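Order-wise, the sequence lines are chains A and B.
The numbering of the first sequence is the numbering used here, which starts it at 331 and goes up by one.
The numbering of the second sequence is the numbering used here, which starts it at 331 and goes up by one.
See structure below.
Protein chains: 2
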Amino acid sequence: MDLVEIIKALGDENRLRIMNLLLDDKLCVCELEAILDLNQSNVSRHLTRLKNAGIIKSQKKAQWIFYGLNDKFKSENELLVNYLKNRFASEEFTNDVSRLKAYRESKFTCVDIRSNTQELNKELFRIFEED
Amino acid sequence: MDLVEIIKALGDENRLRIMNLLLDDKLCVCELEAILDLNQSNVSRHLTRLKNAGIIKSQKKAQWIFYGLNDKFKSENELLVNYLKNRFASEEFTNDVSRLKAYRESKFTCVDIRSNTQELNKELFRIFEED
DNA sequence: ATACTATATGATTGTATAATCATATAGAGG
DNA sequence: CCTCTATATGATTATACAATCATATAGTAT
């Protein structure tokens, strides 16, 4: 819960993209993988870094490990969380939110992610093809 | 003014110590050097990094360059600034504030810093010797 | 002009860390 | 039991960056 460690843990583009999604949702590794288009190992390491800094927590459900904001972090760093929420309004982050939204509105769940990558990606990108 | 660059620029212990002092003061390089007990080159590079991220600005006065918070940054990142102010209440940062206070209350100015290092340091540490 | 001061910056070294591939682990489901 | 899946982690490589020393620059003071 050290300030320097918190700020360092947040000082990476991919970890900020992850934080953007986890600020109001819980997602497992393979969902983050699909939505952010990063590989499994990479996502896992970024999540570990955020968890070690006390920013997020993990919870196992069946074979998946879901990550979400750590409540203690949230309450002790409210201003920072609100700041990030505001800054995440910019385009580089809202695209990811759109993809998360498309995923939530699709018929897919994390069960399908690896078996149906192509079809899922069609769904995730659908929102961008509307013009 | 990119979010990632701002967070990265803040993700260093010495730069946070500098920010702590610059949040409500303007200081030149040699003053920061003396108060934080870091060498000139090191302080200069950290200041450059913070300046490049748009967090602080510099202003020349005679032979000194004074650094202070960038007003645009301050207004566009108010929540972050307030968050930092709160977190700077912890001991690792308040010691530096004590040293800054001792310096302000001393007879010294940045003119004296290099010529009178020993005597100045006595002043800066005076506050800790009171027990 | 000369010496000195404040700051910046080139060059170097060591360390941290991001990305990636391959593999380990652990659990789920046939 | 065997296979498949989700995740973590060892090993490696490439890159970023902090610290430091030495030097450059630019301006002040004599």
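All C-beta atoms in this analysis are idealised placements derived from N, C-alpha and C, irrespective of residue type, glycine included.
This structure is a prediction, so every number in the text was calculated from the model and none was measured.
Which of the three DSSP states, helix, strand or coil, is assigned to residue i?
{"i": "A/Lys437", "result": "coil"}
{"i": "A/Leu357", "result": "strand"}
{"i": "A/Ile395", "result": "strand"}
{"i": "A/Ile348", "result": "helix"}
{"i": "A/Ser445", "result": "coil"}
{"i": "A/Ile386", "result": "strand"}
{"i": "B/Asn369", "result": "coil"}
Whose C-beta lies closer than 8 Å to the C-beta of residue i among residues of the same chain, with five residues either side of it excluded?
{"i": "B/Asp401", "result": "Lys387"}
{"i": "B/Ile365", "result": "Leu351, Leu357, Asp426, Arg429, Leu430, Tyr433, Leu454"}
Would you say residue i reaches chain A, if we count a Cβ-Cβ gap shorter than 9 Å as a contact?
{"i": "B/Val427", "result": "no"}
{"i": "B/Leu338", "result": "A small correction: the amino acid at residue 338 of chain B is Lys; Leu does not occupy that position in the sequence shown. Yes, because at least one Cβ of chain A sits closer than 9 Å to the Cβ of B/Lys338."}
{"i": "B/Asn382", "result": "no"}
{"i": "B/Asn446", "result": "no"}
{"i": "B/Asn372", "result": "no"}
{"i": "B/Leu450", "result": "no"}
{"i": "B/Arg417", "result": "yes"}
Buried or exposed: residue i, going by 16 or more other Cβ atoms within 10 Å of its Cβ?
{"i": "A/Asp463", "result": "In the structure displayed, chain A extends from 331 to 461; residue 463 of chain A sits before or after that span and is not available."}
{"i": "A/Ala419", "result": "exposed"}
{"i": "A/Glu460", "result": "For A/Glu460, the predicted model reports a pLDDT of 48, less than 50, meaning its position is unreliable; a value from the coordinates is still stated below. A/Glu460 is exposed by the Cβ-count criterion."}
{"i": "B/Arg375", "result": "exposed"}
{"i": "B/Asn451", "result": "exposed"}
{"i": "B/Asn407", "result": "buried"}
{"i": "A/Arg347", "result": "buried"}
{"i": "A/Met349", "result": "buried"}
{"i": "A/Arg271", "result": "The first residue shown for chain A is 331 and the last is 461, placing residue 271 of chain A beyond what the model contains."}
{"i": "B/Ala392", "result": "exposed"}
{"i": "A/Glu361", "result": "buried"}
{"i": "A/Val373", "result": "buried"}
{"i": "A/Glu363", "result": "buried"}
If I measure Cβ to Cβ from residue i and keep anything under 7 Å in the same chain, skipping five residues before and after, which residues do I get?
{"i": "A/Lys404", "result": "Val411"}
{"i": "A/Arg379", "result": "Ala339, Arg345"}
{"i": "B/Ala383", "result": "Glu335, Ile336, Ala339"}
Indicate whether at least one CB of chain B lies closer than 9 Å to the CB of residue i.
{"i": "A/Leu333", "result": "yes"}
{"i": "A/Asp342", "result": "yes"}
{"i": "A/Leu346", "result": "yes"}
{"i": "A/Ser405", "result": "no"}
{"i": "A/Ser436", "result": "no"}
{"i": "A/Asn412", "result": "yes"}
Cutting at 6 Å between CB atoms, please list the residues of its own chain near residue i, excluding the five before and the five after it.
{"i": "B/Phe396", "result": "Lys356, Cys358, Gln389"}
{"i": "B/Leu414", "result": "none"}
Looking at the ligand MN, does it come within less than 8 Å of residue i, judged from the CB to the closest heavy atom?
{"i": "B/Asp354", "result": "Annotation note on the ligand MN: not contained in the displayed structure, which lists no ligands."}
At which residue ranges does the stretch 396-429 of chain A contain complete alpha helix (DSSP H) runs of 4 or more residues, listed in the order of the chain?
401-406, 408-417
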